[in-house]
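Taking it in order: structure first as structure tokens, then the write-up.
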Amino acid sequence: MSFRLSAGWYHQSPFFKELKKSDGYINYNSKAQRSFQVVGGTDLLFTAWDRPFRFTSEAYYKHMNRLIPYQVDNVRIRYLAEEEATGYATGVDFKINGEFVSGLQSWASLSFLQTEEDIKGDGHAMIPRPTDQWMNFSMFFQDYLPGNPSYKMQLSGFYGARLPTGPPNGERYQDVFRMPPYRRIDLGFSKVFISPANRSSSPFFRHITDMWLSLEAFNILNINNTISYFWVSSIYGDQYAVPNYLTSRKFNLKLTLKF
12 MSFRLSAGWY
22 HQSPFFKELK
32 KSDGYINYNS
42 KAQRSFQVVG
52 GTDLLFTAWD
62 RPFRFTSEAY
72 YKHMNRLIPY
82 QVDNVRIRYL
92 AEEEATGYAT
102 GVDFKINGEF
112 VSGLQSWASL
122 SFLQTEEDIK
132 GDGHAMIPRP
142 TDQWMNFSMF
152 FQDYLPGNPS
162 YKMQLSGFYG
172 ARLPTGPPNG
182 ERYQDVFRMP
192 PYRRIDLGFS
202 KVFISPANRS
212 SSPFFRHITD
222 MWLSLEAFNI
232 LNINNTISYF
242 WVSSIYGDQY
252 AVPNYLTSRK
262 FNLKLTLKF
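Under the numbering used here, the first residue of the sequence shown carries the number 12, and numbering increases by one thereafter.
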């Protein structure tokens, strides 16, 4: 097992979009955003089922000041150039990878995160930052047909916790509602016809070093994942959030040739 520890300061000068105020003028008083971070981690190499594995873990804390807050409006980022905030981000990451099936690499990762900021002078305390997603999980698993490894299967899964959101043209402290979590499962199958270890004797295929056919199903459960909201106002001044969804179930058939 190995251990590592690092720390450092980081200064980032604001970009033009971060300096531009809502009236179009530039905020020349804005200073470089600063952060101090500490990261510690471990790496563990071990053997299970006579196969190699690696387990990695990290914990981190980042303190930030002179932050320029921002809001996410659909797919547009709107910086609040006249505001300044202090904040933090802290979390832990875990990842394991290895040969769960002999000869094939698979992995799984799990992350926990909390990040908040306090905008000076807004009369509110800490509020979640737009990237505050308390948990993320992802995995990738491979397998092959026993006795015939030219037939392979790939399975991947993703889960992302609820992200904060709020009404358009609202105050930053109002962005405390949460979108539904992100969930997705992909499934793929492939068949290897030609490989460097199994070249074809046919004159037509003699120049081909690799050839395989794959069929992939993305978002196989056809889950509606919300990416943003379209806000509709009624004649009474009420606002209703209509979700915009990411891509639904898709299939992809691919033939790959290498010469």
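Heads up, the beta-carbon is just placed ideally off N, CA and C, and yes, glycines get one too.
### Query
Taking just the CA atoms, how far does residue 147 sit from residue 155?
Indexing the sequence shown from 1 puts residue 155 at position 144. Indexing the sequence shown from 1 puts residue 147 at position 136. Taking the straight line joining both Cα atoms gives about 28 Å.
### Message
Given this structure, state the Cα-to-Cα distance separating residue 232 from residue 168, to the nearest angstrom.
### Response
Sequence index remark: in the sequence shown, residue 232 carries index 221 (1-based). Sequence index remark: in the sequence shown, residue 168 carries index 157 (1-based). Whole-angstrom Cα-Cα distance: 11 Å.
#### Entry: Reference residue 36, options 27, 257 and 43, closest by Cα
Mapped onto the sequence shown, residue 36 falls at position 25. Minimum Cα distance to residue 36 is reached at 27.
### Message
Across the segment 103-123 and the segment 84-91, are there enough close Cβ pairs to call them in contact, namely three or more that are closer than 8 Å?
### Response
no
### Message
Would residue 102 and residue 78 be called neighbours here (beta carbons separated by less than 8 Å)?
### Response
Numbered from 1 along the sequence shown, position 91 holds the residue referred to as residue 102. Numbered from 1 along the sequence shown, position 67 holds the residue referred to as residue 78. No, Cβ-Cβ distance for residue 102 and residue 78 is not below 8 Å.
### Query
What is the DSSP secondary structure of residue 123, reduced to helix, strand or coil?
Here the question's residue 123 lines up with position 112 in the sequence shown. In this structure, residue 123 counts as strand in the three-state DSSP scheme.
### Task
Identify which residue in 236, 234, 254 and 235 has its Cα closest to the Cα of residue 242.
Along the sequence shown, read from residue 1 onward, the residue named residue 242 stands at position 231. The shortest C-alpha separation from residue 242 is found at 254.
### Task
Please specify which runs of the alpha helix (DSSP H), each continuous and at least 4 residues long, are wholly inside the segment 42-104, giving them in chain order.
none
### Message
Helix, strand or coil for residue 170? Go by DSSP, reduced to three states.
### Response
Taking the sequence shown and counting its residues from 1, the one referred to as residue 170 is at position 159. Reduced to three states, the DSSP call for residue 170 is strand.
### Query
With respect to the beta strand (DSSP E) encompassing residue 156, which residues constitute its N-terminal and C-terminal limits?
Here residue 156 is taken as the residue at index 145 of the sequence shown, counted from 1. Segment 146-156, the beta strand (DSSP E) holding residue 156.
### Query
Can you list the beta strand (DSSP E) stretches of 3 or more residues lying completely in the segment 174-205, in chain order?
193-205
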